[in-house]
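Chains A and D, in that order, are what the protein sequence lines are. Using full-length UniProt numbering, the letters of the first sequence correspond one by one to residues 1 to 422. Using full-length UniProt numbering, the letters of the second sequence correspond one by one to residues 1 to 422. What follows is a set of notes on a single structure, which appears directly below.
There are 2 protein chains.
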Amino acid sequence: MSSLDHTYSPRLNERFASRAKYFAPSPIRAVFELEMNPDVISLAGGNPELSHLPWDELTRITNDVVANDGLSAFQYGTTVGQPELVAEIQKIMALEGIDTDPENIIVTAGSQMSLDLVAKLFLNPGDTVLAAAPSYSGALNVFAGMEAHVDQLEGDEEGITIAAIEAAVERADEAQSDIKLLYVVPNFANPSGVVMSKQRRKEVAALCRAHRIVIIEDNPYGLIDFREDAPGVEAPPALRTIDPDNVIYLGSVSKTFSPGIRIGWADAPAEVHASLVPAAEASTLCSSPLSQSIAAAYLREVDWQSVVAANVTMYKRRAEALDAALREFLPAGCTWRTPEGGFFLWIDLPENINASSDLLDEAMAEGVLYIPGTAFFLDGRGRNALRLAYSQVDELRLREGARRLGAILTRAIEGTEHGGTE
Amino acid sequence: MSSLDHTYSPRLNERFASRAKYFAPSPIRAVFELEMNPDVISLAGGNPELSHLPWDELTRITNDVVANDGLSAFQYGTTVGQPELVAEIQKIMALEGIDTDPENIIVTAGSQMSLDLVAKLFLNPGDTVLAAAPSYSGALNVFAGMEAHVDQLEGDEEGITIAAIEAAVERADEAQSDIKLLYVVPNFANPSGVVMSKQRRKEVAALCRAHRIVIIEDNPYGLIDFREDAPGVEAPPALRTIDPDNVIYLGSVSKTFSPGIRIGWADAPAEVHASLVPAAEASTLCSSPLSQSIAAAYLREVDWQSVVAANVTMYKRRAEALDAALREFLPAGCTWRTPEGGFFLWIDLPENINASSDLLDEAMAEGVLYIPGTAFFLDGRGRNALRLAYSQVDELRLREGARRLGAILTRAIEGTEHGGTE
Numbered sequence: 001m002s003s004l005d006h007t008y009s010p011r012l013n014e015r016f017a018s019r020a021k022y023f024a025p026s027p028i029r030a031v032f033e034l035e036m037n038p039d040v041i042s043l044a045g046g047n048p049e050l051s052h053l054p055w056d057e058l059t060r061i062t063n064d065v066v067a068n069d070g071l072s073a074f075q076y077g078t079t080v081g082q083p084e085l086v087a088e089i090q091k092i093m094a095l096e097g098i099d100t101d102p103e104n105i106i107v108t109a110g111s112q113m114s115l116d117l118v119a120k121l122f123l124n125p126g127d128t129v130l131a132a133a134p135s136y137s138g139a140l141n142v143f144a145g146m147e148a149h150v151d152q153l154e155g156d157e158e159g160i161t162i163a164a165i166e167a168a169v170e171r172a173d174e175a176q177s178d179i180k181l182l183y184v185v186p187n188f189a190n191p192s193g194v195v196m197s198k199q200r201r202k203e204v205a206a207l208c209r210a211h212r213i214v215i216i217e218d219n220p221y222g223l224i225d226f227r228e229d230a231p232g233v234e235a236p237p238a239l240r241t242i243d244p245d246n247v248i249y250l251g252s253v254s255k256t257f258s259p260g261i262r263i264g265w266a267d268a269p270a271e272v273h274a275s276l277v278p279a280a281e282a283s284t285l286c287s288s289p290l291s292q293s294i295a296a297a298y299l300r301e302v303d304w305q306s307v308v309a310a311n312v313t314m315y316k317r318r319a320e321a322l323d324a325a326l327r328e329f330l331p332a333g334c335t336w337r338t339p340e341g342g343f344f345l346w347i348d349l350p351e352n353i354n355a356s357s358d359l360l361d362e363a364m365a366e367g368v369l370y371i372p373g374t375a376f377f378l379d380g381r382g383r384n385a386l387r388l389a390y391s392q393v394d395e396l397r398l399r400e401g402a403r404r405l406g407a408i409l410t411r412a413i414e415g416t417e418h419g420g421t422e
Numbered sequence: 001m002s003s004l005d006h007t008y009s010p011r012l013n014e015r016f017a018s019r020a021k022y023f024a025p026s027p028i029r030a031v032f033e034l035e036m037n038p039d040v041i042s043l044a045g046g047n048p049e050l051s052h053l054p055w056d057e058l059t060r061i062t063n064d065v066v067a068n069d070g071l072s073a074f075q076y077g078t079t080v081g082q083p084e085l086v087a088e089i090q091k092i093m094a095l096e097g098i099d100t101d102p103e104n105i106i107v108t109a110g111s112q113m114s115l116d117l118v119a120k121l122f123l124n125p126g127d128t129v130l131a132a133a134p135s136y137s138g139a140l141n142v143f144a145g146m147e148a149h150v151d152q153l154e155g156d157e158e159g160i161t162i163a164a165i166e167a168a169v170e171r172a173d174e175a176q177s178d179i180k181l182l183y184v185v186p187n188f189a190n191p192s193g194v195v196m197s198k199q200r201r202k203e204v205a206a207l208c209r210a211h212r213i214v215i216i217e218d219n220p221y222g223l224i225d226f227r228e229d230a231p232g233v234e235a236p237p238a239l240r241t242i243d244p245d246n247v248i249y250l251g252s253v254s255k256t257f258s259p260g261i262r263i264g265w266a267d268a269p270a271e272v273h274a275s276l277v278p279a280a281e282a283s284t285l286c287s288s289p290l291s292q293s294i295a296a297a298y299l300r301e302v303d304w305q306s307v308v309a310a311n312v313t314m315y316k317r318r319a320e321a322l323d324a325a326l327r328e329f330l331p332a333g334c335t336w337r338t339p340e341g342g343f344f345l346w347i348d349l350p351e352n353i354n355a356s357s358d359l360l361d362e363a364m365a366e367g368v369l370y371i372p373g374t375a376f377f378l379d380g381r382g383r384n385a386l387r388l389a390y391s392q393v394d395e396l397r398l399r400e401g402a403r404r405l406g407a408i409l410t411r412a413i414e415g416t417e418h419g420g421t422e
């Protein structure tokens, strides 16, 4: 018993749980590995632009936190989060028209962690989650990791359709699967850019309540709104205000301040909140008090709404520049929606073009990166689509990126027209 | 369809997954709520003492990170972690005698998150995890949350016994449960303080390999070692060095630097590491680059080992003060081991004393806090035991805490001796 049997390797992956098959390395890892190359124009990752943050004030704030509050900022904190930060989160949510109770908020390491906790709390293997076609891949991976079936539903200009949800309910009935959750990014969705209309929100909320489907409203982009000057445009109400008893709201400062501090939150009905807290404790004990103190001070002491407004103006110009360049360089048969907010533009390509194989290799070789549409589906759809992010690329490089992409797509489409293969 | 049926409340907890029953509020929440009261002497939470950190240097480091590296520190980072920090982690592990490959390390939001990821990766519902009796409650909660059965095994002065593991293998065979993991804190365990001997480590490693049980070696306290001056005492080798193919090592800077920055790591065999990365991505996307940059600079630029050495001297004096005060004030029938390292002291009480009910209420009323032994079991054991933490309490208050506890225990034991109830 006292010496090891080294005659075989234990092959630990044979001991994995069944859910582990969903924790596979990303198929588009190669894209992200190229992002740091300065010769490459990356329209792949959706990073916020941080260069316009008030760095002098941020340095002062961080200095104050460490020098004056270090003993608590560097110590363990409560799992639920700091009251000072929760008070600021309440104000952010008020900007989105949501009147919150601080008792219902839990701070997490980004809204990604809130999503993971909600999935853990609700999903048994074989349960169904409804989501848009296409959807944020980080959410799909969470649901798949809980061995849920994700039914991705087609939408129109107003978001997921009622008919699509009703059809999904029938499919789930037949498959004897319990639809637990509907996941929706109602404002400037990643990756489609779609905003769910007010009427659609009301209908979706009513239908979900009737079928006991809990709604996850994920809203990282709500304040990145290009339409503010447009007459007659009024932001639709948050689902959380339409049916507070049946909606879990996820928020984040990652797009409006900093993703690197990893601060997000969930605002959930009381009985959900009561279980999210011990789930969070088992996951990370607490969110970083240092990050929380910095975020609370930033939101309290800096005119951060002006910073966001300036950034929104910049993102809007970038979106317009990309939109114009795509019109100039993309061949016929490529269609997209002009962004009204958020970070992304979704391009549908002709049916016979596959953006996830040769085309992606060519793009990487030519120095332009995008995310193939298949990354936003779990079921193989999205082959003839791709996502571009304009958030962190200046206008000149956006134009050059569009030019490179246009050249590749033109060759690909001409190739198939002349009988070539994909 | 367009208006909500508000005639019933959706009662979302009825829609929870089966694992959600393990995400219940902590039964000893009342203890933690009292910790902030200055009249109360808390021997409950195991916080590190931070007052001796080099605050001027920390302020300078944080300032440098924000002012010079802000654009990356406040941005998204890679899921696996910053190479600069991983290089420092390698050096920490070398101090524990472990020769690591940086490719096998992933940085997480504390080692708690690594534990959560490993549990997700390995545990199907009904699988068994072996752990010590008693064990760190945060680990027990993670395993329970994955609906595993935790078999808590008795140990002796050298740690979990081979006989206990063999008996557990038989129990699992009979119950047709697959023992996937053995969880062990080999150095100055929380809460028992036990150090697993070198011989026992070899035997446990061999037995686990033979039964295909993967070992989780959780080592937050290895450097908090009071024995360094003792002649002839040599630290036993890490399990990770005894069987690198079958051991996942969890590390943390929470006890040696700061828990508030939430930086821990897993050092795992390659095929486990390959799946931990996407699991971590689904959980939090990445660990905070701000925290990682601060930790890397602190470990690189500060003589942190001298800071730890000074703190270890302080913790040792506190442990000795508590040990002496307990000898002075505790009634006969209470037994404990004099700490050789770590933060904790575990007290076994006479059989008929229950530390989790009236005694705890009395202690709270008298202004001394402890964690009842039941918190370190999932099966109701530990009633006649309690854990004291001496890490963040000065010597005078430790003595006063022991005096208060001694008075309560004396009354309780005399009460039962004279025929009173618990």
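Virtual Cβ for every residue (Gly too), placed ideally from N, Cα, C.
*Would a check of beta-carbon distances place A/Y390 closer than 8 Å to chain D?*
Taking the first residue of the first sequence as 1, we reach residue 390 of chain A at position 390. Chain D, which has no Cβ nearer than 8 Å to the Cβ of A/Y390, makes this no.
*Does the beta-carbon distance from A/G159 to A/S111 come in below 8 Å?*
As a first step, residue 159 of chain A must be located in the first sequence, where it is residue number 159. As a first step, residue 111 of chain A must be located in the first sequence, where it is residue number 111. No, Cβ-Cβ distance for A/G159 and A/S111 is not below 8 Å.
*Measure the alpha-carbon distance for A/D99 versus A/P244 and round it to whole angstroms.*
In the first sequence, the residue the question calls residue 99 of chain A occupies position 99. In the first sequence, the residue the question calls residue 244 of chain A occupies position 244. Spanning the two alpha carbons is a distance of roughly 10 Å.
_Within chain A, partners of D/E271 - CB distance below 8 Å_ = Here residue 271 of chain D is taken as the residue at index 271 of the second sequence, counted from 1. Residues of chain A passing the Cβ test: R11, L12 and N13.
_DSSP-derived helix/strand/coil call for D/Q152_ = Here residue 152 of chain D is taken as the residue at index 152 of the second sequence, counted from 1. Strand.
*Beta carbon proximity, D/T416 to chain A, threshold 8 Å*: For the purposes of this step, residue 416 of chain D is identified with residue 416 of the second sequence, where counting begins at 1. By this cut-off, D/T416 is not an interface position.
*Same chain only: Cβ atoms within 6 Å of A/E57, ignoring 5 sequence neighbours per side*: Numbered from 1 along the first sequence, position 57 holds the residue referred to as residue 57 of chain A. Answer for A/E57: V302, listed in chain order.
*Cβ-heavy atom distance between D/G415 and the ligand ADP below 7 Å?*
Absence of the ligand ADP from the depicted structure is noted, as is the absence of any ligand whatsoever, leaving it without description.
*Figure out for me which residue from D/A119, D/G415, D/P10 and D/I413 has the closest Cα to the Cα of A/A210.*
The residue given as residue 210 of chain A occupies position 210 in the first sequence. That would be D/P10, whose Cα lies nearest to the Cα of A/A210.
*DSSP beta-bridge partners for D/V368?*
If you number the second sequence from 1, residue 368 of chain D lands on position 368. D/V368 is bridged to D/I41.
_For D/L345, three-class secondary structure by DSSP_ = If you number the second sequence from 1, residue 345 of chain D lands on position 345. Three-state DSSP puts D/L345 in a strand.
*By Cβ distance, which residues of its chain are closer than 6 Å to D/K120, with the 5 residues on each side in sequence left out?*
Your numbering for residue 120 of chain D matches position 120 in the second sequence. Contacts found: A279.
*Determine which residues of the region 197–225 of chain D have a Cβ less than 9 Å from any Cβ of chain A, and write them out in chain order.*
Those residues of the region 197–225 of chain D that come within reach of chain A (Cβ to Cβ, closer than 9 Å) are Q199, K202, E203, A205, A206, L207, R209, A210, R212, I213 and V214.
*Would you call the region 177–185 of chain A and the region 211–228 of chain A touching, i.e. three or more CB-CB distances under 8 Å?*
Counting Cβ pairs under 8 Å, three or more are found: they touch.
*Run through DSSP, which three-state label would A/G159 get?*
As a position in the first sequence, residue 159 of chain A is number 159, starting the count at 1. In the three-state reduction of the DSSP assignment, A/G159 falls in the strand class.
_Counting only Cβ pairs nearer than 7 Å, list the residues of chain A close to D/R262._
Along the second sequence, one-based indexing puts residue 262 of chain D at 262. Within 7 Å of the CB of D/R262, the CB atoms of chain A belong to T284 and S288, in sequence order along the chain.
*Taking the alpha helix (DSSP H) that A/R318 falls in, what are its first and last residues?*
Within the first sequence, the letter at position 318 stands for residue 318 of chain A. A/R318 -> alpha helix (DSSP H) spans W304 to F329.
*asked:* If you measure between the beta carbons of D/P48 and D/K255, is that distance less than 8 Å?
replied: Here residue 48 of chain D corresponds to residue number 48 of the second sequence, with the count starting at 1. Here residue 255 of chain D corresponds to residue number 255 of the second sequence, with the count starting at 1. Contact annotation: D/P48 and D/K255 have beta-carbon atoms nearer than 8 Å.
*With DSSP collapsed to three states, give me the class of A/K255.*
Here residue 255 of chain A is taken as the residue at index 255 of the first sequence, counted from 1. Note: A/K255 maps to coil in three-state DSSP.
*Tell whether a beta-carbon distance below 8 Å holds between A/T194 and A/G155.*
Position 194 of the first sequence holds residue 194 of chain A. Position 155 of the first sequence holds residue 155 of chain A. The question names Thr, but residue 194 of chain A is Val in the sequence shown. Contact flag set, yes.
_Does chain D have any CB closer than 8 Å to the CB of A/V387?_
Position 387 of the first sequence holds residue 387 of chain A. For clarity, residue 387 of chain A is Arg in the given sequence; the question names Val instead. Not one beta carbon of chain D lies nearer than 8 Å to the beta carbon of A/R387.
*Which residue comes first and which comes last in the alpha helix (DSSP H) that contains D/V65?*
Counting from 1 along the second sequence, the entry for residue 65 of chain D is found at position 65. W55 to A73 is the extent of the alpha helix (DSSP H) around D/V65.
*If you measure beta-carbon to beta-carbon, which residues of the region 105–127 of chain D are closer than 7 Å to chain A?*
From the region 105–127 of chain D, only A109, G110, Q112, M113, D116, K120, L121, F122, L123 and N124 have a Cβ closer than 7 Å to chain A.
*Tell me, please, whether the CB atom of A/K180 is closer than 8 Å to any CB atom in chain D?*
Against the first sequence, residue 180 of chain A aligns to sequence position 180. A/K180 has a beta carbon lying within less than 8 Å of a beta carbon in chain D.
*Label D/N68 either buried or exposed according to how many other C-beta atoms from any shown protein chain fall within 10 Å of its C-beta, with 16 as the threshold for buried.*
Here residue 68 of chain D corresponds to residue number 68 of the second sequence, with the count starting at 1. Exposure of D/N68 is indicated by the presence of fewer than 16 other C-beta atoms within 10 angstroms of its C-beta.
*State yes or no: is the beta carbon of D/A279 nearer than 8 Å to at least one beta carbon in chain A?*
Here residue 279 of chain D refers to the residue found at position 279 of the second sequence. Yes, D/A279 lies at the interface with chain A (some Cβ there is under 8 Å from its Cβ).
_Tell me the rounded alpha-carbon separation between A/I61 and A/L53._
What you label residue 61 of chain A is simply residue 61 of the first sequence in a count that begins at 1. What you label residue 53 of chain A is simply residue 53 of the first sequence in a count that begins at 1. A/I61 and A/L53 have their C-alpha atoms some 13 Å from each other.
*To the nearest angstrom, how far is it from the Cα of A/F343 to the Cα of D/A73?*
In the first sequence, residue 343 of chain A corresponds to position 343, counting from 1. In the second sequence, residue 73 of chain D corresponds to position 73, counting from 1. Straight across, the Cα-Cα distance linking A/F343 with D/A73 is about 21 Å.
_Let me confirm a value: D/P25 is counted as buried when at least 16 other C-beta atoms fall within 10 Å, else exposed. Which label applies?_
In the second sequence, the residue the question calls residue 25 of chain D occupies position 25. D/P25 counts as exposed, since fewer than 16 other C-beta atoms from the protein chains shown sit within 10 angstroms of its C-beta.
*Taking the DSSP output, what are the residues bridged to D/A389?*
Within the second sequence, residue 389 of chain D is the residue found at index 389, counting from 1. DSSP output for D/A389 lists D/F344 as bridge partner(s).
*What residues of chain D sit near A/A238, judged by a beta carbon separation below 9 Å?*
Counted from its first residue, the first sequence places residue 238 of chain A at position 238. Residues of chain D passing the Cβ test: none, with the nearest at roughly 14 Å.
_Comparing C-alpha positions only, which one of D/V86, D/A148 and D/E362 sits nearest to D/A175?_
Your numbering for residue 175 of chain D matches position 175 in the second sequence. If we check each option's Cα against that of D/A175, D/A148 comes out closest.
*For the alpha helix (DSSP H) that D/G138 lies in, which residues bound it at each end?*
For the purposes of this step, residue 138 of chain D is taken as the residue at position 138 of the second sequence. Looking at the DSSP string, the run of the alpha helix (DSSP H) that includes D/G138 is S137 to G145.
*For A/S2, does the three-state DSSP call read helix, strand or coil?*
Indexing the first sequence from 1 puts residue 2 of chain A at position 2. Only weak support exists for where A/S2 lies, its pLDDT of 44 falling under 50; the value from the coordinates is given anyway. Looking at A/S2 - three-state DSSP - the assignment turns out to be coil, as it is neither helix nor strand.
*From the DSSP output, in three-state form, read off D/A24 for me.*
Residue 24 of chain D sits at position 24 when you count from the first residue of the second sequence. Assigned with DSSP and collapsed to three states, D/A24 falls in coil, not helix or strand.
_With a threshold of 8 Å between beta carbons, is D/D101 in contact with chain A?_
Counting from 1 along the second sequence, the entry for residue 101 of chain D is found at position 101. So, not an interface residue.
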